[in-house]
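Student: The opening residue of the sequence shown carries number 196 in this note's numbering; numbering runs sequentially from there.
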Amino acid sequence: MRALCQLAHGLIFALLAALPAAAAWAAEPVPVGSKRFTESYVLGEIVTQTLVAAGMPAVHRQGLGNTAILEQALARGEVQVYPEYTGTIARELLKLPADAAPTLAELNTVLAARGLKAAVPLGFNNTYALALREADAQRLGVATISDLARLPPATLASLRAGLSHEFLVRADGWPALARAYGLAIKPGAGLDHGLAFKALAGGQVDLIDVYSTDAQIGRLGLRVLKDDRGFFPRYDAVLLMQGTLPEPAQRALAALQGRLPEATMIALNAEAEVDGRPFADIARDFLARPAGQAAASTGAPAARPGFVERLLAPDLGRLLAQHLALVFGSLVLAVAVGVPLGVWAQARPRAGAVLRSAVGLLQTVPSLALLAVLVAVLGRIGFVPALVALFAYALLPIVANTIAGLAAVPAGLVQAAQALGLQRRDILRHVMLPLALPVLLAGVTTAAVINVGTATVAAFVGAGGLGERIVAGLAVNEPAQMLAGAVPAALLAVLVQLGFGALERRARRWT
196 MRALCQLAHG
206 LIFALLAALP
216 AAAAWAAEPV
226 PVGSKRFTES
236 YVLGEIVTQT
246 LVAAGMPAVH
256 RQGLGNTAIL
266 EQALARGEVQ
276 VYPEYTGTIA
286 RELLKLPADA
296 APTLAELNTV
306 LAARGLKAAV
316 PLGFNNTYAL
326 ALREADAQRL
336 GVATISDLAR
346 LPPATLASLR
356 AGLSHEFLVR
366 ADGWPALARA
376 YGLAIKPGAG
386 LDHGLAFKAL
396 AGGQVDLIDV
406 YSTDAQIGRL
416 GLRVLKDDRG
426 FFPRYDAVLL
436 MQGTLPEPAQ
446 RALAALQGRL
456 PEATMIALNA
466 EAEVDGRPFA
476 DIARDFLARP
486 AGQAAASTGA
496 PAARPGFVER
506 LLAPDLGRLL
516 AQHLALVFGS
526 LVLAVAVGVP
536 LGVWAQARPR
546 AGAVLRSAVG
556 LLQTVPSLAL
566 LAVLVAVLGR
576 IGFVPALVAL
586 FAYALLPIVA
596 NTIAGLAAVP
606 AGLVQAAQAL
616 GLQRRDILRH
626 VMLPLALPVL
636 LAGVTTAAVI
646 NVGTATVAAF
656 VGAGGLGERI
666 VAGLAVNEPA
676 QMLAGAVPAA
686 LLAVLVQLGF
696 GALERRARRW
706 T
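Rendered as C-alpha cells:
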C-alpha cells in the first residue's frame, strides 16, 4: 500500500511539475481572447494576425464563453487583449449606473485601477436590440420596444422569447430592459446566439436579442425594434487589454483604429455566417486589403467549405494533440489517485462505501457547472481547470472497479499467500492486483471513453481540443463545422475503446 501511495505521489508530482515547463517550452506568444459569437471570433482572429504580421508571436484563444470568463482571464494574464464593447465595459465590468455615458478616456480612468486599458476604437457601434419576423411585426403593428410593451397581456403571453444565455443575466440585458419598458414577457430557456436565428426562422421562437451588426438580420428580413427610450448604451467596439501589453504590440494594433465601419463588420460577419468561410481566412483577406477598401464582390456566393475540407483543415493535428493531452493527462492522474483509493477502500468496507458515494457524487455535477466552479476556485482558465474536471469524472469507474476487482480475488488464494508468510503488501502486489487487473482495466477503459467525449466541453474555458470546432460551429450555426469536431471525437472514443479492450483481453489471458 505504501509503495502504491509513493508511486501515486510521484506521478502526480511529475505531471504537475511538467506543466510549467511545457508552458515555457516555446517563446511566450501574446494570448488573444474572443467570446463565443461570430463577430468576436472574427475580430479576435484579426487582432491575432495583425500581431503576427508585425513580428510578434500571438495565439488566438477563441470562444472563451461570456464576459465574466474573459474578465478573469484578462486579470490573470491568460489573455492579454480581446475585442470588447464600451457599453459592456461600463455596465458589466465596471458596474456603472444605467444612465452613465462615459467617454473612452473616462472608462480608462476607472480601468487603470485594475491595470487595464481600452483602446483602438475599431469604427462601429454594435448595440443590442430585439428582433421579430417582419410578418409578425406588421401583424402586431410594432416598430419600437414601447409598441411591444403596449400589446395586450394575452398577446404578450403568447410570444415565445428565445434570448441568449448572457443577455438573460447581464446588467444591461433582459431583466433591466424588461423593468425599463414594463415588458410582461417570460423568456424561455436560454439559446446559443447563433442558433436563435435558426429557431426564429423556423417558427420555434418569436422574439430574440440581436446585435446590430448581425449579418442574419438582413438575410432573414427581420424587424429590429427601435430602442425608443434609449435603454441600451453605445457599444463601440474597442480592444480591451492589459496595461502591461508590450508597447510594440499596442503600436501594431493601433493600425486597426477606424478600419471597421459598421458596413464592413456586417460584411465580415456575413462571410462567416452566410458563406461559411473560416474565421482565419476572413481575417487574412481583410488585412490584405488597403484600409478603407471594401471587399471585392464576385457577384456570386462563395463556395462553402464542405465537411471533408473542414475535417482535414490544418488545425486538426493541433486540436487532436490538445484533446489527447486532456484525456490521457487526466487518466494518468485518475489512475495514480484512484487505484490507491480503491485499495484503501476495499480493505475498509464502511469507509469505502462513503468514498464511493463521494466520487459518485462528482459524476452527477454537470460538466459546464464543474468547469465554472473550477475556473472560479483555481482563478484561471485553460488546461488546468479542464484537466482537474476530467480527473474528477474519471475517478468513479477506476475506484469502483479497483474495489470490485480486489473483492473478486478468491479468498483461498489470499489465505494460501498468508500461510506462506507473505506480508499484506506483498500479497497485494503479487497476488491481488495482478488478478484484479482485468477488472481494473475495464474501469480505466470506461473512464477514458467518458473523458474523450467530456473533453469537448473544455473548449468553453480555452483548453482547446476538438470541442473548439463544435463551439465555433454553434456560433455560426454551421453543421459541417460541428461535425468536423464531433466525428473525430467519436472516432477517437471508438479507438480508445478498442485499444483498452485489447489490453483488457490480454490481461485476462495473462491472469
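Heads up, the beta-carbon is just placed ideally off N, CA and C, and yes, glycines get one too.
Quick check: what's the CA-CA separation for Ala-712 versus Gly-657?
Tutor: Since the first residue shown for the chain is 196 and the last is 706, residue 712 is missing from the structure and cannot be characterised.
Student: What separation, rounded to the nearest whole angstrom, lies between the Cα atoms of Leu-354 and Glu-457?
Tutor: Straight-line Cα distance between these residues: approximately 30 Å.
Student: My guess is that Val-276 and Leu-402 are in contact by the Cβ rule of under 8 Å, so how many angstroms apart are they, rounded?
Tutor: Val-276 to Leu-402, Cβ: 34 Å. No contact.
Student: Give the straight-line distance between the Cα atoms of Ala-486 and Arg-446, rounded to the nearest whole angstrom.
Tutor: C-alpha separation (whole angstroms): 16 Å.
Student: Helix, strand or coil for Thr-233? Go by DSSP, reduced to three states.
Tutor: Here Thr-233 sits in helix by DSSP.
Student: Grab the span of the alpha helix (DSSP H) containing His-360 for me, first residue to last.
Tutor: That run of the alpha helix (DSSP H) goes 360 to 364.
Student: Helix, strand or coil: how does DSSP classify Met-436 here?
Tutor: If DSSP states are grouped into helix, strand and coil, Met-436 belongs with the strands.
Student: In the structure shown, what three-state DSSP assignment does Asn-646 receive?
Tutor: Three-state DSSP puts Asn-646 in a helix.
Student: Cα separation between Val-247 and Leu-238?
Tutor: Rounded to the nearest angstrom, the two C-alpha atoms are 14 Å apart.
Student: Does Arg-231 pass the burial test, meaning 16 or more other C-beta atoms within 10 Å, or should it be called exposed?
Tutor: With 16 or more other Cβ atoms within 10 Å, it is buried.
Student: Looking at C-alpha atoms only, which residue of Ala-643, Arg-551, Leu-311 is the closest neighbour of Ile-284?
Tutor: It is Leu-311 whose Cα lies nearest to the Cα of Ile-284.
Student: For Arg-619, count the other beta carbons within 10 Å of its own beta carbon; 16 or more makes it buried, fewer makes it exposed. Which is it?
Tutor: So Arg-619 ends up on the exposed side.
Student: Where are the beta strand (DSSP E) runs, 3 residues long or more, that stay fully inside the region 431 to 482, in chain order?
Tutor: Complete beta strand (DSSP E) runs here, min 3: 432 to 437.
Student: Can you give me the start and stop residues for the alpha helix (DSSP H) that Val-530 sits inside?
Tutor: Segment 511 to 541, the alpha helix (DSSP H) holding Val-530.
Student: Could you pull the start and end residues of the beta strand (DSSP E) that Lys-312 belongs to?
Tutor: Residues 311 to 314.
Student: Assuming Ala-702 and Leu-632 form a contact by the criterion Cβ under 8 Å, report the distance between their Cβ atoms to the nearest whole angstrom.
Tutor: Between Leu-632 and Ala-702 the Cβ distance is about 5 Å, and since that is below 8 Å, they are a contact.
Student: Take Gly-282 as the anchor and find which of Arg-365, Ala-379, Leu-378, Pro-473 has the nearest alpha-carbon.
Tutor: Out of Arg-365, Ala-379, Leu-378, Pro-473, Arg-365 has the C-alpha closest to the C-alpha of Gly-282.
Student: Using the C-alpha atoms, what's the distance from Gly-600 back to Pro-683?
Tutor: C-alpha separation (whole angstroms): 32 Å.
Student: Is it the case that the region 625 to 643 contacts the region 587 to 601, given that we only count it when at least three CB pairs across the two stretches are under 8 Å?
Tutor: At 8 Å Cβ cutoff, the stretches touch.
Student: Where does Ile-380 sit, in a helix, a strand or coil, going by DSSP?
Tutor: DSSP places Ile-380 in coil when its eight states are reduced to three.
Student: On the criterion of 16 or more Cβ atoms from any shown chain inside 10 Å, does Ala-700 qualify as buried, or is it exposed?
Tutor: The question names Ala, but residue 700 is Arg in the sequence shown. It is exposed - the Cβ of Arg-700 has fewer than 16 other Cβ atoms within 10 Å.
Student: Less than 7 Å between C-beta atoms, sequence neighbours within five positions excluded: which residues of the same chain meet that for Leu-351?
Tutor: So the qualifying residues of the chain are Ala-379, Ile-380.
Student: Tell me the DSSP bridge mates of Thr-339?
Tutor: Thr-339 is bridged to Lys-421.
Student: Below 7 Å CB to CB, which residues in the same chain sit around Phe-427 once its five sequence neighbours on both sides are set aside?
Tutor: Hits under 7 Å: Gly-282, Thr-322, Tyr-323, Asp-367.
Student: Hey, quick one: how far does the beta strand (DSSP E) through Leu-324 stretch, first residue to last?
Tutor: Residue identity check: residue 324 is Ala in the sequence provided, not Leu. Note, Ala-324: beta strand (DSSP E), 323 to 328.
Student: DSSP three-state label for Val-639, please.
Tutor: Helix.
Student: In chain order, what residues of the same chain have a beta carbon less than 6 Å from the beta carbon of Leu-358, not counting five sequence neighbours either side?
Tutor: Excluding positions up to five away in sequence, the list reads Trp-369, Pro-382, Asp-404.
Student: Helix, strand or coil for Glu-301 per DSSP?
Tutor: Note: Glu-301 maps to helix in three-state DSSP.
Student: Helix, strand or coil: how does DSSP classify Ile-576 here?
Tutor: DSSP places Ile-576 in coil when its eight states are reduced to three.
Student: Considering only C-alpha positions, which residue in the set Glu-279, Arg-328, Ala-349 is nearest to Asn-320?
Tutor: Of the listed residues, the one whose Cα sits closest to Asn-320 is Glu-279.
Student: What is the DSSP secondary structure of Glu-279, counted as helix, strand or coil?
Tutor: DSSP places Glu-279 in strand when its eight states are reduced to three.
Student: Determine the burial state of Thr-559: buried for a count of at least 16 other Cβ atoms within 10 Å of its Cβ, exposed for fewer.
Tutor: By the neighbour-count rule (16 or more Cβ atoms within 10 Å), Thr-559 is not buried but exposed.
Student: Using only the heavy atoms of the ligand MN, determine whether one of them is closer than 8 Å to the beta carbon of Leu-317.
Tutor: Here there are no bound small molecules, and the ligand MN is not part of this structure.
Student: Rounded to a whole number of angstroms, what is the C-alpha to C-alpha distance between Thr-233 and Glu-673?
Tutor: Taking the straight line joining both Cα atoms gives about 11 Å.
Student: Give the DSSP bridge partners of Pro-347, in chain order.
Tutor: None; Pro-347 has no bridge partner.
Student: Over what stretch of residues does the alpha helix (DSSP H) that includes Val-626 continue unbroken?
Tutor: Premise fails: Val-626 is in no alpha helix (DSSP H) and is neither H nor E.
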